[in-house]
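*Asks:* Numbering (this note's numbering) for the sequence shown: 43 to 375.
Questions regarding the structure given below will be posed in turn.
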Amino acid sequence: AFEKSMGIMGNRLFDDPEFEKETSKALRGVQLFHSGGENFYWAPIVEGVKLWRSRYVKQVDVKESDYAGRSAIVTNGLCMWDENDKVFVDGVDWFVHAERKKRTDDKSKYAKEEPAFYTDEEMKDIEDCYDNEYRRGADTLYYEDIEVGTSLPKMVKGPFQITDLINMHMGTGWILYGCWPNRLAYGGRKKLRGFYTRDEFNAWDTLQRVHWDKDLAEKVGVKMMYDIGAVRQFHVSNYLTNYAGDDAFIHRIKFEFRRFNYTGDVTWMTGEIVDKRIDEKLGPVIEVVLRGTNQRGSDNINASSTIMVASRQHGPVKLPEPPPPTPYRRKTP
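Below is the structure:
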C-alpha cells in the first residue's frame, strides 16, 4: 500500500497486455454514483485473518430519469473468503452509471439545496451529541430485553469535511480505484483514459476528484462536492456496532443513499427495532431500520439490518453457516 501511495510499485493492470484484454471495455469513462448495497457477514474479521476478494458485475438495468437522463443501474457482486474457502462477507453494491453533464436548469430535486452554515448553537448541539454518543460495549444485549418499537440512540456524523475524506482514504486506501500518483498515475491513464480529465493546469488528474474539486463536481451534474458512498456505509456500520455491542453479531446490512452528502453537511442518525424472532437458521435476531437526516431535514441514508443477539434462554450467538465462495474469481489469489 505504501509503495502504491508513493507511485513506485508495478501493477499487472499496467504491465500485462493479456490482463488488459481480459478486463477491458467495462463502461469506461461513464460517470457513476454509489447508490447503496447489501452485505451479509458470516464471521468476524479479526487480526491475523487474511482474506481474498472478488468484485464482479452481477446485473445491469437501463433506466431513464429526469436528473441523469439515460443511465445504467449496475449491481456489482462482492465476496471475501480465506485460504480455506470460508466466506466471511458476500453481498452487492449498486452504482448508477450516468452521462456527465453540467446542470443548467433548476428543475431537479437538488436545485434548492444550499451550502451548509451553522450557528454556534447548532454546533453546540452537534458537539453535545458527540459527547453523549452511546456505545454498548460489554453490556450484553439480550433478546428477552428487546421490545419491538424501541427507538435507538441518536448519533451524529459531520459536518462532513475534506479532512474526513482524507482520513478515510488513509485508513482504507482507494477502495475500488487506483488513484495513485506520479508514474502509476501515468500508467493508469494509459489503461483507463476515460477516468482522467484535464484540470485547471491542463494536466491530467483522476475523476475521483469530483469529491474535492467543486468545479468538476458541477461539470458532472452535482451542485457541490460530495462524499463517496463508503463514508455513509461506514456511518451505518458504526451506528449498528455501537448499539449491538460486543456479544451480538451483525449479520446483514442494507444501505441506500437517497441524496448527496455534500461537504459541510451533517448527518443525524436514528433507528428503531421493527421485529424480533427466533430464526430457524440464525437463532434469536432483531430487525432494525435506521435513517440519516441532514441539516436540511432530508434523508440521505436509509438502512436496515439483521442483528443476531444473545439470549438467556437460547445462549450466546452461534455464527451461521456461510455459503460457498463465488465462482467469479481467479484460480490463484
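We treat Cβ as the ideally placed atom computed from N, Cα and C, and that holds for glycine.
Please read these numbers as outputs of a predicted model, since none were measured by experiment.
Relative to the C-alpha of W84, which residue among I315, P362, V273 is closest?
*Replies:* Selected option, being the one with the closest Cα: P362.
*Asks:* Can you pull the DSSP bridge partners for R338?
*Replies:* BP columns for R338 are empty, so no partner.
*Asks:* What is the DSSP secondary structure of V264, counted as helix, strand or coil?
*Replies:* coil
*Asks:* How about L183 and V308: do their beta carbons lie closer than 8 Å?
*Replies:* no
*Asks:* Whose C-alpha, out of I87, E106, V134, is nearest the C-alpha of T117?
*Replies:* V134
*Asks:* Do you know whose CA, among K318, A345, E242, lies nearest Y185's CA?
*Replies:* K318
*Asks:* Spatial neighbours of D103 within its chain, please: CB distance less than 6 Å, with the 5 preceding and 5 following residues excluded, ordered by chain position.
*Replies:* I115
*Asks:* Touch check for the segment 243–262 and the segment 287–299: three-plus C-beta pairs under 8 Å?
*Replies:* no
*Asks:* Within 10 angstroms of the Cβ of M311, are there 16 or more other Cβ atoms? Answer buried if so, exposed if not.
*Replies:* buried
*Asks:* Measure the alpha-carbon distance for Y370 versus S96 and round it to whole angstroms.
*Replies:* A direct Cα-Cα distance of roughly 7 Å separates Y370 from S96.
*Asks:* Can you give the Cα-Cα distance for T214 and R178, rounded to whole angstroms?
*Replies:* 25 Å
*Asks:* Checking 8 Å against the spacing of the C-beta atoms, do E298 and A345 come in under that value?
*Replies:* yes
*Asks:* Going by alpha carbons, who is nearest to C121 out of F137, G325, L93?
*Replies:* L93
*Asks:* In angstroms, rounded to a whole number, what distance separates the CA positions of Q203 and F159?
*Replies:* Going by the C-alpha atoms only, they are around 13 Å apart.
*Asks:* Between which residues of its own chain and A180 is the CB-CB distance below 6 Å, once the five residues before and five after are set aside?
*Replies:* D288
*Asks:* For P367, I'd like the list of residues in its chain whose CB is within less than 7 Å of its CB, leaving aside the five on either flank, ordered along the chain.
*Replies:* C121, W123, D127, V129
*Asks:* How big is the Cα-Cα spacing for H356 and G325?
*Replies:* In a straight line, the C-alpha of H356 is about 8 Å away from that of G325.
*Asks:* With DSSP as the reference, label Y219 as helix, strand or coil.
*Replies:* coil
*Asks:* Please go through the same chain and pick out, in chain order, the residues whose beta-carbon is closer than 6 Å to the beta-carbon of V198, but skip the five residues on each side of it.
*Replies:* I168, C171, W310
*Asks:* According to DSSP, N81 sits in a beta bridge with which residue or residues?
*Replies:* G133, I295
*Asks:* I need the boundaries of the beta strand (DSSP E) containing R240, first residue and last residue.
*Replies:* 238–240
*Asks:* Nearest by alpha-carbon distance to G334: which of P195, Q101, I349 is it?
*Replies:* P195
*Asks:* Does the distance from the C-beta atom of R300 to that of I270 stay below 8 Å?
*Replies:* no
*Asks:* Let me know the secondary structure DSSP gives W257 once reduced to three states.
*Replies:* The sequence shown places Asp at residue 257, not Trp. Of the three classes helix, strand and coil, the one that applies to D257 here is helix, per DSSP.
*Asks:* Please classify D321 as buried or exposed, where buried requires at least 16 neighbouring CB atoms within 10 angstroms.
*Replies:* Exposed, by the Cβ-count rule.
*Asks:* Terminal residues of the continuous beta strand (DSSP E) containing I188?
*Replies:* It is not in any beta strand (DSSP E) - I188 carries neither H nor E in the DSSP assignment.
*Asks:* With the cut-off set at 8 Å, would you say S77 and V138 are in Cβ contact?
*Replies:* Against a cut-off of 8 Å, the Cβ pair of V138 and S77 comes out as a contact.
*Asks:* CA-CA distance, H211 and R274?
*Replies:* 14 Å
*Asks:* Would you call G191 buried or exposed, if buried means 16 or more other Cβ atoms sit within 10 Å of its Cβ?
*Replies:* Exposed, since its Cβ has fewer than 16 Cβ neighbours within 10 Å.
*Asks:* Quick check on the DSSP output: the beta strand (DSSP E) that includes V316 runs from which residue to which?
*Replies:* 309–321
*Asks:* Which of the three DSSP states, helix, strand or coil, is assigned to F276?
*Replies:* helix
*Asks:* My output table needs one value for T161: the three-state DSSP class, helix, strand or coil.
*Replies:* In the three-state scheme derived from DSSP, where H, G and I count as helix and E and B as strand, T161 is classed as coil.
*Asks:* Anyone know if the C-beta pair for Y238 and L249 falls short of 8 Å?
*Replies:* yes
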